[in-house]
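**Q** In order, the protein sequence lines correspond to chains A and B.
Following UniProt numbering, the numbering of the first sequence begins with 1 at its first residue and continues without gaps.
Following UniProt numbering, the numbering of the second sequence begins with 1 at its first residue and continues without gaps.
Number of protein chains: 2
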Amino acid sequence: MTHAAEPVAYDVVVIGAGPVGENVADRARAAGLTTAVVESELIGGECSYWACMPSKALLRPVVARADARRVPGLSGAVQGPLDAAAVLAHRDEYTSHWKDDGQAAWLDGIGADIFRGHGRLTGPKQVTVTAPDGTEHRLTARHAVAVCTGSRAVVPGLPGIEDARPWTSREATSAKEVPGRLVVVGGGVVGVEMATVWNALGAKVTMLVRGEGLLPRMEPFAGELVAEALTEAGADIRTGVSATAVRRAGGGGPVTVELDNGESVEADEVLFATGRAPRTDDLGLETVGLEPGSWLTVDDTCLVEGTDWLYAAGDVNHRALLTHQGKYQARITGDAIGARAQGKPLDTARWGAHAATADHAAVPQVVFTDPEAASVGLSLAEAEQAGHRVRAVDYDLASVAGSGLYADGYKGRARMVVDLDREVLLGVTFVGPGIGELLHSATMAVAGEIPVARLWHAVPSYPTISEVWLRLLETYRG
Amino acid sequence: MTHAAEPVAYDVVVIGAGPVGENVADRARAAGLTTAVVESELIGGECSYWACMPSKALLRPVVARADARRVPGLSGAVQGPLDAAAVLAHRDEYTSHWKDDGQAAWLDGIGADIFRGHGRLTGPKQVTVTAPDGTEHRLTARHAVAVCTGSRAVVPGLPGIEDARPWTSREATSAKEVPGRLVVVGGGVVGVEMATVWNALGAKVTMLVRGEGLLPRMEPFAGELVAEALTEAGADIRTGVSATAVRRAGGGGPVTVELDNGESVEADEVLFATGRAPRTDDLGLETVGLEPGSWLTVDDTCLVEGTDWLYAAGDVNHRALLTHQGKYQARITGDAIGARAQGKPLDTARWGAHAATADHAAVPQVVFTDPEAASVGLSLAEAEQAGHRVRAVDYDLASVAGSGLYADGYKGRARMVVDLDREVLLGVTFVGPGIGELLHSATMAVAGEIPVARLWHAVPSYPTISEVWLRLLETYRG
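1. Grab me the residues of B/G213's own chain with a C-beta within less than 8 Å of its C-beta, minus the 5 sequence neighbours each way, in chain order.
2. Where in the segment 144-215 of chain B do unbroken runs of the alpha helix (DSSP H), each at least 4 residues long, occur, reported from the N-terminal end onward?
3. Mind checking residue 550 of chain B: buried by the 16 CB within 10 Å criterion, or exposed?
4. Among residues of its own chain, excluding the 5 on either side of B/G202, which ones have a beta-carbon nearer than 7 Å to its beta-carbon?
5. Starting from A/S55 and walking both ways along the beta strand (DSSP E), at which residues does that stretch end?
6. If you measure from the beta carbon of B/T369 to each beta carbon in chain A, is any gap under 9 Å?
7. For A/I465, return the contacting residues in chain B, with the cut-off set at a CB-CB distance below 7 Å.
8. Per DSSP, what are the beta-bridge partners of A/R138 in this structure?
9. Check whether chain B comes within 9 Å of A/G186, counting only Cβ atoms and requiring the distance to be less than that.
10. For the putative contact between A/A200 and A/V184, defined by C-beta atoms under 8 Å, what is the C-beta separation to the nearest angstrom?
11. Who are the Cβ neighbours of A/V8 in its own chain at under 6 Å, not counting the five residues just before and after it?
12. At the 9 Å Cβ level, is A/I450 part of the contact set with chain B, yes or no?
13. Is it the case that the segment 29-36 of chain B contacts the segment 87-100 of chain B, given that we only count it when at least three CB pairs across the two stretches are under 8 Å?
14. Please report the straight-line C-alpha distance between A/I465 and A/G434, rounded to a whole angstrom.
15. CB-CB under 7 Å to A/A172, same chain, minus the five flanking residues each way: which ones, in chain order?
16. From the beta carbon of A/T35, is the nearest beta carbon of chain B less than 9 Å away?
17. Can you pull the chain B residues whose beta carbon is under 9 Å from the beta carbon of A/W295, in chain order?
18. Please state the DSSP three-state secondary structure of B/D419.
19. Can the beta-carbon of B/P156 be found closer than 9 Å to that of B/T256?
20. Along the chain, where does the alpha helix (DSSP H) containing A/P19 start, and where does it finish?
21. What are the complete alpha helix (DSSP H) segments, minimum 4 residues, inside the segment 280-360 of chain B?
22. Spatial neighbours of A/G262 within its chain, please: C-beta separation below 6 Å, excluding the five flanking residues on both sides.
23. Look at B/L58 and A/V78 and say whether their C-beta atoms are less than 9 Å apart.
24. Measure the C-alpha to C-alpha separation of A/T34 and A/N23 and round it to an integer number of angstroms.
25. Name, please, each residue of chain E whose Cβ falls closer than 9 Å to the Cβ of B/M53.
26. Answer yes or no: does any C-beta atom of chain B fall closer than 9 Å to that of residue 480 of chain A?
27. Drop a sphere of 10 angstroms on the beta-carbon of B/Q329, count the other beta-carbons inside from all chains shown, and report buried for 16 or more, exposed for fewer.
28. Kindly list the residues whose CB is nearer than 6 Å to the CB of B/M1, restricted to its own chain and excluding five residues on each side of it in sequence; keep chain order.
29. Keeping to the same chain, check which residues put their C-beta closer than 6 Å to that of A/A104; ignore five residues upstream and five downstream.
30. Taking DSSP as the reference, what is the three-state secondary structure of B/M1?
31. Are there 16 or more other CB atoms within 10 angstroms of the CB of B/E467, so buried, or fewer, so exposed?
32. Report the CB separation of A/D268 from A/G404 in whole angstroms; it is logged as a contact under 8 Å.
33. My output table needs one value for A/D101: the three-state DSSP class, helix, strand or coil.
34. Give the residues from the segment 414-448 of chain B that approach chain A closer than 9 Å (Cβ to any Cβ), ordered along the chain.
35. Under 9 Å, do A/V129 and A/L310 count as touching if we go by C-beta distance?
36. What three-state label does DSSP hand B/A458 in the structure shown?
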């Protein structure tokens, strides 16, 4: 092990070069600050290689086929199976074959210095990077260190699980072959998206869900409609069950998942999509008085509680485990670091330039299944729990002219949650084919806090699915 | 001819039972007013039988096939032609085979009395309906008459045109067979949509466009991208030319269109998509001091200038010739009639409940071609002409991750027009595959007058096409 003679000083040191770290660096650069970025794996992060990009590259053909099958004059042409090899090859292109040259060049292009290796805090504003060859670089941050290390999949500590070599989201998004049979443990977003992909590519999929239904963080009808479609597509969804043990037969044989109801399921692979943990366990947090392995609690500028120099943006702060929300936090973090470094006042009021207010009020998410499920803001249950006086307004998306034109036999549903005191929307959910891009209209309404009276003037173009907005308003007026 | 002994009195008489008239009646009913609705053709109007519904039923398979062809693993399945018979049969279903029983039942269900026949004003608040059998019904309106008669296609008075039996939008949306060769005169929305349909169904399409490009009311890149795709799909687009004469060979033979450049084009059918005229020529306008055949000028409550009882909503007032905008006006008209009848105060302030403000500021339109073209509010040219201090911000939609995932080889473009004085958006245009439902986010932003600083908090979900919003904001910030 060698040591650099002297620490190298930067204005900002960013640990983690996923989309979040990249955006912090970009905004710090915009504020005129020098920046070092530390990355132990691929620049571009989980999203680029084992999450958003590969999953959506895998899902898009599934959804496009489902849509095409529901269109007259075309449906006969698309009854056959997807060309799995073509879909997987396309996924490989979208992950740049798990090489990060392009993203490294981008980061280099914005003037950030890249340090490849494992970054650890060694004290306030001090970071040591251990390169793969054992070389150490000592960095100091004049103004701020930003932790953007993200999260990792959590696999439960079941008997036999290590020998069973289960899939996590990483293997599920990067697998090179279609397993004959796949068990998916978990009914959240990763679970339903990966069940959708591998089922469509030819695997016999069994989902094991501990709770009552899929997508438990969305309105109940989201999980119901997705479960109905997945079941029709051939998946076996079992709810109210938990895995108790996993056993892999010798020599790469099949895997058996034991269940708490006494049954068992045999498959070729098993995916655990059962949760995430912060990547903070080997980050030197103990050197600055924080708990290794914990989520980092931050204020709305993403400053870690109890510090005036340590920021945490993205999954690691546990506010919203979504790439786009992490990037949003990153922009605010970078701008806040810049403003503080320059001694400028911060605008940390609600919806201010330096407050990640949307994390509380307007987090959007699109689940790219068939049907798509998308939501922003609070569900009815969340709004009630938060003490708002609300009314949920529902509408059957199949009754919108644009939906029927989009797909024969359209099934879908929409809900808006109205704050009765302020007459603004707290949350909106759409479930149905072709609604992915429609979500942003809801995000505008919720984040823009557009009063219901003004929403009447936002006329949806006829005949689009967007006309559901008119129907929701008419239903609300009664 | 027989006369009813006494006029029948209603609170409101609506002339024209398209979507606009239906909505005026519905809102008048909600205000407790009795309503008569007069219709000389099919209840449901142009939109249901010869415009939105059939055109979109014809276009959706074309767009879905184009989308499917750009998806890996699926494209091989959809190289063949569309099943034209299936597409036309589907269109026939969507127009209820040009029967209006369903819509008549709806109108009856809301308590409106339906008078089938030609309605004419015979003086203030007086309407006479001449039924198909010659029977006359005299109606009086205690509070208001609403003219919702819409518009008709205008065919230019070229030599030979009557004998040539040209198509208008009605024949283009209701034709039972695919012509071998089709000439489309006009490059507006009807022209490009019908060229898209019939080209995809197998016709050899030639477009004759007087101006420099297609879709002249949108940002220039809209027409450019649509023209590029239509040309690639096999259409022949000729700009800067006008038809000077039309000649149909005897016995139902081919039609020849003579051009002002000395050339001529032969085809089996010719569609004139060259403009609209108000259906006010035989409406008795002269009995109330108005000019027959003129567009009816209205205020923001849709009250006709110089009257306190005559309203005009929809195409006929020439504010925005779009079904959804007419329905919007109809809701406001019906509510205004109701409020005035009840002696309640009206809210006619900008964006008030009784002011069709969106007609001036936020008219959305989606052109359902491949690529789709969608806009809301003012184009750059319109904003500049209106004297706003503006900046146009452009972004290449192909550079958005969600676009590439949506379609291989994605081509598209986005523009937002920012009012630099108020820091709100005056207009937004998207052109590209899959952007139809994205438009409503722009309509929310424009009609909601969401400040640019707040738009930063409306986070687009990753990786959707909606992320273009982030790119536009980043580009604006520079």
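Each residue gets a CB set at the ideal place from its N, CA and C atoms; glycine is no exception.
**A** Reading it off the structure:
1. In the second sequence, residue 213 of chain B corresponds to position 213, counting from 1. G187, P220, G223, E224, A227 and T239.
2. Qualifying alpha helix (DSSP H) stretches, in chain order: 161-164, 169-174 and 189-200.
3. Past the edges of chain B, shown from 1 to 478, lies residue 550 of chain B, and the structure says nothing about it.
4. Along the second sequence, read from residue 1 onward, the residue named residue 202 of chain B stands at position 202. P81, A84 and V178.
5. On the first sequence, position 55 is the one that residue 55 of chain A refers to. For A/S55, there is no enclosing beta strand (DSSP E); the enclosing alpha helix (DSSP H) covers residues C52 to R69.
6. For this step, residue 369 of chain B is matched to residue 369 along the second sequence. Under the Cβ distance rule, B/T369 does not count among the residues neighbouring chain A, no pair being separated by less than 9 Å.
7. As a first step, residue 465 of chain A must be located in the first sequence, where it is residue number 465. Close partners of A/I465 in chain B (Cβ separation under 7 Å): E437.
8. Position 138 of the first sequence holds residue 138 of chain A. DSSP lists A/T128 as partners of A/R138.
9. Position 186 of the first sequence, counted from the first residue, corresponds to residue 186 of chain A. False, the Cβ-Cβ gap to chain B never drops below 9 Å.
10. Mapped onto the first sequence, residue 200 of chain A falls at position 200. Mapped onto the first sequence, residue 184 of chain A falls at position 184. With a beta-carbon spacing of about 13 Å, A/A200 and A/V184 fall beyond the 8 Å limit used to define contacts.
11. In the first sequence, counting from the first residue as 1, residue 8 of chain A sits at position 8. Only L139 meet the Cβ criterion.
12. Here residue 450 of chain A refers to the residue found at position 450 when the first sequence is read from its first residue. Yes, A/I450 counts as interfacial toward chain B.
13. The segment 87-100 of chain B makes no contact with the segment 29-36 of chain B: fewer than 3 CB pairs, one atom from each, lie closer than 8 Å.
14. Working through the first sequence from its first residue, we reach residue 465 of chain A at position 465. Working through the first sequence from its first residue, we reach residue 434 of chain A at position 434. Cα-Cα distance, rounded: 8 Å.
15. Within the first sequence, residue 172 of chain A is the residue found at index 172, counting from 1. Excluding its 5 nearest sequence neighbours in each direction, A/A172 has C-beta neighbours in its own chain below 7 Å: M194 and L271, listed in chain order.
16. Position 35 of the first sequence, counted from the start, is the residue given in the question as residue 35 of chain A. Judged by the 9 Å Cβ criterion, A/T35 is not in contact with chain B.
17. Position 295 of the first sequence, counted from the first residue, corresponds to residue 295 of chain A. Taking the beta carbon of A/W295 as reference, no residue of chain B falls within 9 Å; the closest one sits roughly 20 Å away.
18. Within the second sequence, the letter at position 419 stands for residue 419 of chain B. Annotated three-state conformation of B/D419 is strand, per DSSP.
19. Sequence index remark: in the second sequence, residue 156 of chain B carries index 156 (1-based). Sequence index remark: in the second sequence, residue 256 of chain B carries index 256 (1-based). No, Cβ-Cβ distance for B/P156 and B/T256 is not below 9 Å.
20. As a first step, residue 19 of chain A must be located in the first sequence, where it is residue number 19. P19 to A30 is the extent of the alpha helix (DSSP H) around A/P19.
21. Contiguous alpha helix (DSSP H) elements confined to the segment 280-360 of chain B occur at 323-341, taking only those with 4 or more residues.
22. One-based indexing of the first sequence puts residue 262 of chain A at position 262. Take A/G262, set aside five residues on each side of it, and no residue of its chain has a beta-carbon closer than 6 Å to its own.
23. In the second sequence, the residue the question calls residue 58 of chain B occupies position 58. In the first sequence, the residue the question calls residue 78 of chain A occupies position 78. At a Cβ-Cβ threshold of 9 Å, B/L58 and A/V78 do not count as neighbours.
24. Reading the first sequence from its first residue, position 34 is the one you call residue 34 of chain A. Reading the first sequence from its first residue, position 23 is the one you call residue 23 of chain A. Answer to the nearest angstrom: the Cα atoms are 14 Å apart.
25. The chain inventory of the structure shown lacks chain E, comprising the protein chains A and B.
26. Outside the displayed range of chain A (1 to 478) lies residue 480 of chain A, so it cannot be described from this structure.
27. As a working mapping, residue 329 of chain B is identified with position 329 in the second sequence. With 16 or more other Cβ atoms within 10 Å, it is buried.
28. Within the second sequence, residue 1 of chain B is the residue found at index 1, counting from 1. Note that B/M1 scores a pLDDT of 47, beneath 50, so its modelled location is shaky; the value from the coordinates is reported in the next line. Contacts found: G134.
29. For this step, residue 104 of chain A is matched to residue 104 along the first sequence. Taking A/A104 as the centre and dropping the five residues before and after it, the same chain places the C-beta of I43 closer than 6 Å to its C-beta, in chain order.
30. What you label residue 1 of chain B is simply residue 1 of the second sequence in a count that begins at 1. The predicted position of B/M1 is uncertain, since its pLDDT is 47 and thus under 50; no value can be drawn from it.
31. The residue given as residue 467 of chain B occupies position 467 in the second sequence. By the 10 Å Cβ count, B/E467 comes out buried.
32. The residue labelled residue 268 of chain A in the question sits at position 268 within the first sequence. The residue labelled residue 404 of chain A in the question sits at position 404 within the first sequence. At roughly 40 Å, the Cβ-Cβ gap does not stay under 8 Å, so A/D268 and A/G404 are not in contact.
33. Residue 101 of chain A sits at position 101 when you count from the first residue of the first sequence. Helix, per DSSP.
34. Residues G434, I435, G436, E437, L438, L439, H440, S441, A442, T443, M444, A445, V446, A447 and G448.
35. Here residue 129 of chain A refers to the residue found at position 129 when the first sequence is read from its first residue. Here residue 310 of chain A refers to the residue found at position 310 when the first sequence is read from its first residue. Cβ atoms of A/V129 and A/L310: not closer than 9 Å.
36. Taking the first residue of the second sequence as position 1, residue 458 of chain B is located at position 458. In this structure, B/A458 counts as coil in the three-state DSSP scheme.
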